[in-house]
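Participant:
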Amino acid sequence: MPKPLTERQQSIYDFIADAIRSGGPPTIREIMDVFGINSTNGVRTTLETLEKKGYIRRRARRSRGIELVDFVKPASLS
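Structure follows, in structure tokens:
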């Protein structure tokens, strides 16, 4: 099970998920604009955290290289 997210991380994750469902992942600059983040490094840090916690995967050197990780809940043992 993935680690819980902070409120800010959850908001950014939800934005990414909505963008992907609507046609494609956002760029770092698009995330910056929506959340009022002043530097690309601030977004990258959040994306690194989301990746480490197991919520997303990033493809190196791709502008829109963010993918959601599908979570599979374990089957009930009852």
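Numbers 67 to 144, taken from my numbering, label the letters of the sequence shown in order.
Cβ coordinates follow ideal geometry from the N, Cα and C atoms, glycine included.
Quantities reported herein were computed from a predicted structural model and do not represent experimental measurements.
From A126, I94, R128, P68, pick the residue whose C-alpha is nearest to that of T112; which is it?
Facilitator: Taking only the C-alpha atoms, the option nearest T112 is I94.
Participant: CB-CB under 6 Å to I97, same chain, minus the five flanking residues each way: which ones, in chain order?
Facilitator: V109.
Participant: For G90 and A126, I'd like the C-alpha separation in whole angstroms.
Facilitator: Near 16 Å, if we compare the C-alpha coordinates of A126 and G90.
Participant: Compute the distance between the beta-carbons of P70 and G120, then report whether it is under 7 Å.
Facilitator: Their beta carbons are not under 7 Å apart, which means P70 does not touch G120 by this criterion.
Participant: Helix, strand or coil: which one does DSSP assign to L113?
Facilitator: Three-state DSSP puts L113 in a helix.
Participant: Could you pull out every residue in the same chain whose Cβ sits closer than 7 Å to the Cβ of A83, ignoring the five residues on either side in sequence?
Facilitator: Once the five neighbours on either side are set aside, the close Cβ partners of A83 are L134.
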